[in-house]
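Numbering-wise, my numbering comes out as the position in the sequence shown, counting from 1, plus 177. No residue lacks a Cβ here, since even glycine has one placed at the ideal position from N, Cα and C. Worksheet: one structure, shown below.
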Amino acid sequence: VAADRAQALQAIRAANPPLKDRQHRQLFQDRNKGKPSLTLIKTRRILSFAIFILFVLLFAGAEKMSAVLSGILPPLQFVPALLRTLTRPDVVFLAGLAFILLITMLFGRVYCSFLCPLGTLQDLLMAGSKRLGLRPAPSYAKPLNVLRYGLLALTAATALFGSLSLVILLDPYSLTGRMLTHFLQPLAAHAYNLFILVLKPFDLYLHPKQTTFIPLAVGATTGGFVLLVSILALRHGRLYCNTVCPVGTLLGLLSRASVFHFALHPKTCLACRRCESACKAACIDPQNAAVDMSRCVGCFNCLDACSSGVIRYQKRQRQPKTSRWSPSRRRLILAGIAAASGFWALNANLRECFSARDAGANPAVTPPGSISAQRFSQACTACSLCVSACPTRVLTPTLTAFGLSGPLQPKMNYEKSYCDYECDVCGRVCPTGAILPIGLAEKKLTQIGEAELLKDICVVYVDDRNCGACGEVCPTHAIRFTEKETILYPEIDRQYCIGCGACQLACPTTPRSIVVHARPEHKKAQKYIHPETSGESRTSSDQDFPF
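Okay, here's the thing in structure tokens:
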């Protein structure tokens with residue numbers, strides 16, 4: 178059979194001599210006028226670029242724009258839609274998850290081609306490197322099944338045992354969100370503030386934008402992963418999507434049984450290997466006339482490159498049932514079972530290791546609506562959408578505040594800012610349900626922490642002089658003053674304190690003489706009721722400026 182096939186290929190080559198690039202392009206244009214493949218490619222490119230621009234606006238645009246786009250784009254991303262469906266079922270996210278699964282079962286991994294923002298970013302990098310002549314000619318590469326299925330199994334196992342660490346690090350949506358929030362948003366804010374300085378000589382004044390504080394370790398970690406994805410894209414195309422990304426691997430398993438698939442018809446093949454060179458996923462094997470649908474991202478570039486119609490996108494034909502069992506597959510399944518058993522046996526130790534930092538002396542303060550630090554850490558993918566949408570920039574991504582189970586997850590950083598009493602945007606934009614949209618009225622009574630007054634360093638108690646900065650900014654009247662010899666001494670009434678951090682930020686001492694400690698489990702604070710003041714003078718605790 179191989180000899181007959183070789184003779185047939187030689188005959189085809191003799192009848193169809195190789196063409197120069199210009200002749201091949203002209204031949205392709207003549208043969209493919211009005212072909213549906215061109216429409217598919219153009220549509221895919223327009224959709225993918227438009228969705229990527231919307232993602233840029235979602236994470237790096239204005240706060241109001243983020244609030245609008247947060248209800249449109251995250252439901253169309255696999256990991257947020259899946260987690261939201263599992264943690265807090267929502268009709269929109271459930272519909273988004275069903276849509277992703279449906280198009281995968283029908284058309285293959287087209288999700289990776291136009292819906293995934295990280296995939297579009299890699300395509301842009303590949304297109305730029307190709308124009309500059311920096312990218313080597315793509316060619317078929319054997320799948321690294323042990324690595325990609327091993328990473329998928331490990332990611333699923335750690336998630337089932339309460340840690341989203343691998344999901345956080347490898348999820349394409351979360352990685353794109355961190356890249357845009359940690360790098361692009363600060364650049365956009367600085368550019369806007371520079372524009373404001375240019376307008377000042379013309380007596381035109383605008384409100385400057387506050388930038389998000391990104392710790393060096395967090396920025397280095399995010400930058401390292403972005404650099405890894407970029408290098409893989411420039412050198413090997415969609416290798417990250419087909420080997421590292423758990424979403425791509427899972428959707429690749431489903432696309433093996435998709436209704437429509439790519440197929441090669443070797444009888445008319447010219448052996449030009451242009452389809453192989455055009456494939457960004459390195460999944461076309463022209464030598465064996467096969468397309469690996471588990472790695473194909475549905476870009477349709479191969480249809481564009483093939484001038485003889487050898488590659489076709491067609492409905493899958495039923496194949497006769499044959500035994501596909503092999504020793505390698507048996508070893509892979511046994512290895513998966515052994516790994517799962519090992520994780521199950523080590524479950525308690527893993528939980529203790531992952532949450533060791535959470536039980537420390539200074540746990541992180543989580544946003545209102547997260548209910549508890551443990552629940553927040555088990556549902557947050559560290560996409561940084563809440564960080565980018567926060568108007569006061571109090572939410573700061575951290576590297577180890579939540580232990581090994583929650584790298585890069587955000588916390589309330591009261592050294593840099595405070596939680597606005599009239600704001601609940603983080604709960605409204607969170608795509609996974611880690612921060613629930615509890616509403617502004619409930620948020621104002623949610624106690625996420627408690628303030629502690631350190632009298633041994635407070636200037637009022639140490640120097641016997643008035644200050645009152647903490648009482649001026651407290652929105653819940655949790656700080657009252659007791660007058661002694663014209664000096665007003667602050668005291669904290671914890672039943673009213675919600676832990677917003679305004680007092681800690683306003684405190685003028687270094688270190689702060691009033692600090693907010695986290696509540697691992699959020700609870701409800703008492704609502705402050707103004708005392709009756711008719712006919713009586715106001716008490717010192719009700720005065721705007723008590724000193």
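| Asked | Found |
| --- | --- |
| My guess is that residue 343 and residue 361 are in contact by the Cβ rule of under 8 Å, so how many angstroms apart are they, rounded? | Wrong, their Cβ atoms sit about 25 Å apart, outside the cutoff. |
| Compute the Euclidean distance between the alpha carbons of residue 432 and residue 468, then round it to the nearest angstrom. | 12 Å |
| Using the rule of at least 16 other Cβ atoms within 10 Å of the residue's Cβ for burial, across every protein chain shown, is residue 553 buried or exposed? | buried |
| Excluding the five sequence neighbours on either side, which residues of its own chain have a C-beta within less than 8 Å of the C-beta of residue 244, listed in chain order? | 566, 602, 605 and 606 |
| Given this structure, state the Cα-to-Cα distance separating residue 780 from residue 371, to the nearest angstrom. | An answer regarding residue 780 cannot be provided, because it is not within the stretch 178 to 724 covered by the chain. |
| With DSSP as the reference, label residue 706 as helix, strand or coil. | coil |
| Give the DSSP-derived three-state secondary structure of residue 444 in the structure shown. | helix |
| Short of 6 Å in beta carbon distance, which residues of its chain neighbour residue 443, apart from the five on each side in sequence? Order them along the chain. | 466 |
| Use the C-beta contact count for residue 723: other C-beta atoms within 10 angstroms, 16 or more gives buried, fewer gives exposed. | A caution first: residue 723 carries a pLDDT of 49, below 50, which makes its placement in the model too unreliable to give a value. |
| Give every residue of the same chain whose Cβ lies closer than 6 Å to the Cβ of residue 373, excluding the five residues on either side of it in the sequence, and list them in chain order. | 383 and 385 |
| What residue range does the alpha helix (DSSP H) around residue 281 cover? | 268–284 |
| On the three-state DSSP scale, how would you describe residue 582? | helix |
| Does residue 626 come out as helix, strand or coil in the three-state DSSP assignment? | strand |
| How far does the alpha helix (DSSP H) with residue 262 in it reach, from first residue to last? | 255–264 |
| Just the C-alpha distance for residue 700 and residue 624, rounded to the nearest angstrom, thanks. | 5 Å |
| Thinking C-alpha only, which one of 547, 238 and 274 is nearest residue 252? | 274 |
| Return no unless some Cβ of chain D is closer than 8 Å to the Cβ of residue 275. | No chain D appears in this structure, which consists of one protein chain only. |
| Helix, strand or coil: how does DSSP classify residue 314 here? | coil |
| Please report the distance separating the alpha-carbon of residue 706 from that of residue 655. | 11 Å |
| Within its chain, find whatever has a CB closer than 8 Å to the CB of residue 430; leave out the 5 residues flanking it on each side and keep chain order. | 471 |
| With respect to the beta strand (DSSP E) encompassing residue 658, which residues constitute its N-terminal and C-terminal limits? | 656–661 |
| Please return the same chain residues whose Cβ sits closer than 6 Å to the Cβ of residue 583, not counting the five positions on each side in sequence. | 554 |
| Three-state secondary structure (DSSP) at residue 437? | strand |
| Out of 484, 479 and 427, state which residue places its alpha-carbon closest to the alpha-carbon of residue 447. | 484 |
| Report the three-state DSSP secondary structure of residue 222 (helix, strand or coil). | helix |
| Quick one: what does DSSP say residue 646 is sitting in, helix, strand or coil? | helix |
| Suppose contacts are defined by Cβ-Cβ distances below 8 Å. Is residue 349 in contact with residue 422 by that definition? | yes |
| In angstroms, rounded to a whole number, what distance separates the CA positions of residue 543 and residue 363? | 23 Å |
| In the DSSP assignment, what are the bridge partners of residue 573? | 588 |
| Straight-line CA distance for residue 614 to residue 375? | 39 Å |
| For residue 245, name the three-state secondary structure that DSSP assigns. | helix |
| Which one of 574, 657 and 579 has the shortest CA to CA distance from residue 725? | The requested residue 725 is not part of the displayed model; the chain covers only 178 to 724. |
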